[in-house]
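Residue numbers (my numbering): 962 to 1056.
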């Protein structure tokens, strides 16, 4: 599939992109190169190839989930304007 200069102008109008008349030929050529690359990639046989989450063969180093702060629940409850049983009360915003 290749695009004509008229199609590039229409696409740029619909996408609200400003493409000057002097740039239409270059933009058309670049878009056609991209479409040709996508067509080449579509021809590649990927049967039996499992999807990769990362291009490098590595795993993420995870740290242990440890508590690093003390529980200040009671301090925050004391300074809150309104509280319920272990929760904050806020004004109703949806009627």
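Yeah, the Cβ is synthetic: ideal placement off N, Cα and C, and Gly gets one too.
For residue 965 and residue 973, what's the separation of their Cα atoms in angstroms?
Along the chain shown, one-based indexing puts residue 965 at 4. Along the chain shown, one-based indexing puts residue 973 at 12. Distance between the alpha carbons of residue 965 and residue 973 is about 12 Å.
So, at 6 Å on beta carbons, what are the nonlocal neighbours of residue 1043 in its own chain, with the 5 sequence-adjacent residues on each side left out?
Along the chain shown, one-based indexing puts residue 1043 at 82. Closer than 6 Å at Cβ, skipping near neighbours: 1050.
Kindly identify the DSSP beta-bridge partner or partners of residue 1044.
Sequence index remark: in the chain shown, residue 1044 carries index 83 (1-based). Partner(s): 1049.
Which of helix, strand or coil DSSP assigns to residue 1001
Translated into positions along the chain shown, residue 1001 becomes position 40. Helix, per DSSP.
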